[in-house]
Structures are given as C-alpha cells and as structure tokens.
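Using mature numbering (1 follows the signal peptide of the UniProt record, and there is no 0), the letters of the sequence shown map in sequence onto residues -22 to -1, 1 to 458.
We put the CB at the ideal spot given by N, CA and C, even for glycine.
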Amino acid sequence: MTGGIALIATAAIALTACSAPASEEDPDADLSGTEINVLALQDPFFYALEEVIPDFEAETGITVNFEGVDYDTLNSRATNSFTANQGDIDVIAPDSMWLSRFAESKWLEPLNERIIRDKDEVAIEDYIPSSLHSLSEWKGELYTLPVATYGAAVFYRPSVFEELGIEAPPQEASADWTWEKYLEIVEEIQGQEVDGTEMYGTVVLGSGPQPINHMYTQLAASKGARWFTAFPDADTWDFTPTWNSPESAAAMDYYSELYANSPAEAINYLWFDAGTRFGSGDVGMMYHWTPYAYLVQRTEYMGTTESEAVDDYALAAMPQEPGQEQVINIGGFAFGVGANSGKKAAAWEFVKWASSAETQKKMALLDMRQFSDFSRVSLYEDEELLEVYPYLPVQFEMMNDGNGKTVRPPIQNYSTLEQSIGNTLNKMLVDGTGGAETSQKINDDLTTILEDEGFIPWSGESYNDTLAGTEELLKQLAAG
C-alpha cells in the first residue's frame, strides 16, 4: 500500500484521539470571547459571507478570523495543518471532491449527532438532497453543511437567437433538447454577424487541469461516460478506469467540436475567462457552472462594471443524450468543523449560522447582488429572491437532476487523477488529437496511477453510496 492511502491511514491515526463527541459539549455554554479560524476559497460566497459575519459576531460574541485563499493554497494549507495536527483550522470549506480524503483521514468532525441534537435549528429537511449527497455525505455521515451549491445550466443571448431566427432553448428538461441539437445551434451561430459583431457559437474552458475537467465531465456524464467500473454506488468498489469507453471517446470528439466553434484563446480559459467572454457580447451560447448566472453581469470578478450582456442573457436546461439518464454536475463548498479544533462548539455555531436560510438570504440581498448559490429548497421558493434572481427556477430544476458523485467521483486521490486528466484533455485541444486516442491515453495513465497508489486491486472498505441512501439518511436525521 503506497501513496495516498498510506498517507490517509497515518493522518487518521494521528487525529483519532483529537475528536470528542458532541454529547460531551454543553449546548448552552457561553461562547462569547471565543476566537475561531475559518478557512475558505475566495469564490463568490466568500465575499458575501464576509459582509455579514459581523452580524454573527454581534449575536454570539464569537470572533471570526475569516481567511480566503486560492484553490491550491486551500488544499495545501489544509493538508499540511491536519497532517501535522496543528489545530489551527476550526472551520474549513473543502472542495466537495476532497471530502472522502478529509473524512477518511479524520480531519473533519462527523456532524450527524450534532444535526440531530440541533435539528430545529439546522432544518436538514430544507436542503436539496443532491446538494448534501454531492458536497457533504460520506459513508452515511454528514461532515459539512453547504454554504454554496453549484449546478450547471445553459446560458444564451435572447437577442442573438431572435435576430437569427433560432428557437430559444427550453427552461425545463425536454427529450427534444439534446446535445445534437445544442451543437446544431452552436454551429448555426458561429460566424454570423449580429448588430455588427461577428459571433462565436460558444465558448469552452480549455485550461488544464481543473477548468477543462469541470466542463468536460459534465458533458461526458450526460452522454453516459463514467470514470470507474464500480464507484461509489456499488457494494464492492472497483476502481478499474473506464475512460476508454465509446461514450468517453465520443464525448471528447464532441468537446473538440465545441472548441472549434469557440474563440481560439479559449484553449487557455479558466472559469471566469469563459464567463467574461460570454458577457462581452460575442458568444451566443455556452454551458457553465450556475454561479455564472450572476457573474456574467460583470466585466471583472466580483467587480461593479456591468458587462455587455447584463440585460441580454437567460438560462436554460442542460441538453441530454437520448437513451441516457440525465445527470447534472453538482459542486461547491460546505463548511465543516476541524476534528482537532479545540473550539468545536463555537465552530459548530458558525457552521449552522453560515448555512442557515436566514444568513444565505442576507448574502443574496446585499447591494452587490452577487450570490444565489442556494442549497435550501425554501430559498428557491422565496418571492423576494425570485424577483432579484429570476433564473432560480431553472437553477433549481438542474439541482434536482444533479449528482456530483456520478459526474466527478470523489476518490481519495481525486486531485492526482484530475491533474492527469485535465492536462491530457487540454493537449487534445492543442494537438487536435481524436477522442479514441485521447480516451485510451487517459485510461492507461489512470490505470498506472491507481495501481501505484493502491486502488487497483481495491482491498479497502466499500460502501454503496447512492443519492437514495442520502435521502433516507436525511429523513432519519430530521426525525431525530
């Protein structure tokens, strides 16, 4: 046993003694004067939450040191801190893809007991099940509560569609709204002139490793491609990769077609680059993470200058592949309590507060109007929020079709695999390599990594991790 599994086992042993059950805490203890450290990515939720944290401090007397970092720093800071048992992270919002590693390493405090104890406050039944399944649940335990849930949706320019006589895509899933139809529209827009602007049919994320992997895997999963023979929804896990399937090869060829109808510079586009390009006015349609429903309104990340598309864009349902069950990518961030924190009671109070419907609504109604990544059903039904964010019904429907564990399975060495996958996909676009060759290379590379790191053959514990199982868990937690 080598690589990631060995590291996880060592870290778990080091932290086992640090975790105290919630039953030993006094839920009525005075926590005023406590100071906690909260670490998060500087995604949009960070800026909105930062604005309202003074309310939490005033209500509880708890001081919050709220630190925002970039993606790679979040991963390295957390790994170094928890592995060394430093105890300097009280609350953290890990990427959903890291949850299995954090949970298996015992870096996060299990939350089921606390959720049951504080069930009226947590209102677990208000959460969208796919959000908790994708972001927070691992082997029947919740380790985090979502603060920002991302789905996927189609973005299009109504004025462009009207000018070119193209029927607008549907806001609800439809058997007629297929990936074939999507590409037909992209190609129809490509090169057309609209109000003096030469249009691109679409824009893709081309940069590796994370951005292109995020956009490509949504397409691939919807077309029926899967990562492994049996994981995570299987009684016995089998990490033999299936990236050389016909579905994967076809999805890669399709993604190359999308790039051919994108700006050439999209080969280097990160997430916001694609959103900014769409907002600049020369892209007819794209699919992307749902936070871009508000981010495309600005020319700069979390800025104030309005984009060309600010009053001329709409959301639509994701296309689907005939004969395949539709699945939408779910990602985002959720707060958990550090297992070696010496201030777990205060940390848990912050997690409950940050993920509450009341706090999330405050974040959404700030003057910046740059947060609508809701995880709770009640917020999608809130009339005031629907008026501010009219695209919420489309976003909600996509969330309900979501399963992040299918689109991007949270294997414990996910980051290593993503590095290999994303860089190879980028090279595919650069070199014009076909899907069959690229899919086989990825499959061979992943096989080598998984064998070297002890995942093939798998001798560890398996757990049939399904959305239905999470839904049953939520019922049990709500009932107490």
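(request) Tell me whether valine 385 sits in a helix, a strand or coil according to DSSP, three-state version. (result) helix
(request) Specify whether the segment 157 to 174 and the segment 316 to 324 touch according to this definition: at least 3 beta carbon pairs, one from each stretch, less than 8 Å apart. (result) no
(request) For my contact list, glutamate 150 and glutamate 375 are in at a C-beta cut-off of 8 Å; report their separation, rounded to the angstrom. (result) 6 Å
(request) Mind the definition here: the segment 224 to 231 touches the segment 376 to 387 only if three or more C-beta pairs lie below 8 Å; say whether that holds. (result) no
(request) Take the Cβ of serine 10 as the centre, count every other Cβ of all protein chains shown within 10 Å, and call the residue buried at 16 or more, exposed below. (result) Exposed is the label assigned to serine 10, since fewer than 16 other Cβ atoms lie within 10 Å of its Cβ.
(request) Starting from the Cα of methionine 296, find the closest Cα among Asp289, Asp290, Ile306, Gln302 and give me that residue. (result) Ile306
(request) Could you check the C-alpha separation between phenylalanine 352 and glutamate 327 for me, to the nearest Å? (result) 20 Å
(request) Excluding the 5 residues preceding and the 5 following phenylalanine 60 in the sequence, name in chain order all residues of the same chain whose CB lies nearer than 6 Å to its CB. (result) Trp85
(message) Rounding to the nearest angstrom, what Cα-Cα distance links alanine 131 and isoleucine 308 in this structure?
(response) 11 Å
(request) Ignoring anything shorter than 3 residues or poking outside the segment 304 to 378, list the beta strand (DSSP E) runs there in chain order. (result) 309 to 315
(message) Can you tell me which residues form a DSSP beta bridge with glutamine 298?
(response) Thr156
(message) Does the structure place the segment 214 to 221 close enough to the segment 428 to 437 that three or more beta carbon pairs sit under 8 Å?
(response) yes
(request) Using 10 angstroms around the beta-carbon of proline 136, count the other beta-carbons present and answer buried if the total reaches 16, otherwise exposed. (result) Burial call: exposed.
(message) So, for alanine 212: in the same chain, excluding its five sequence neighbours on each side, which residues have a beta-carbon less than 8 Å away from its beta-carbon?
(response) Ser440, Asn442
(request) Go to phenylalanine 44, then tell me how far its beta strand (DSSP E) extends in each direction, as first and last residue. (result) 41 to 47
(message) Within the continuous alpha helix (DSSP H) that includes leucine 9, where are the two ends?
(response) Premise fails: leucine 9 is in no alpha helix (DSSP H) and is neither H nor E.
(request) Out of Gly412, Leu424, Gly413, point me to the one whose CA is closest to isoleucine 399's CA. (result) Leu424
(request) Please name the residue, chosen from Gly65, Phe433, Asn58, Ser417, that lies closest to phenylalanine 209 on a Cα-to-Cα basis. (result) Phe433
(request) Go through its chain and collect everything with a Cβ distance to tryptophan 331's Cβ below 6 Å, but skip five positions before and after it. (result) Phe34, Thr337
(request) Note down the Cα distance separating proline 241 from aspartate 104, rounded to an integer number of angstroms. (result) Those two C-alpha atoms are separated by around 41 Å.
(request) Kindly indicate which three-state DSSP category phenylalanine 433 falls into: helix, strand or coil? (result) coil
(request) Can you tell me which of Gln275, Val42, Ile245 puts its alpha carbon nearest to the alpha carbon of glycine 253? (result) Gln275
(request) Determine contact between the segment 93 to 113 and the segment 21 to 41, defined as no fewer than three beta-carbon pairs at a distance below 8 Å. (result) no
(request) Starting from the C-beta of tyrosine 270, find all residues in its chain whose C-beta is less than 6 Å away, skip the five residues before and the five after it, and write them out in chain order. (result) Cβ within range, chain order: Gly253.
(request) Would you check if the distance between the CB atom of serine 108 and the CB atom of methionine 377 is smaller than 8 Å? (result) yes
(message) Can you tell me where the alpha helix (DSSP H) holding leucine 142 begins and where it ends?
(response) 136 to 142
(request) Sort Ser152, Asn43, Gly118, Leu123 by Cα distance to valine 372 and report the nearest one. (result) Ser152
(message) As a quick exercise: from Ser200, Ala101, Thr12, pick the residue whose alpha carbon is nearest that of leucine 123.
(response) Ala101
(message) Going by the DSSP bridge assignment, what does threonine 180 pair with across the sheet?
(response) None, per the DSSP bridge assignment.
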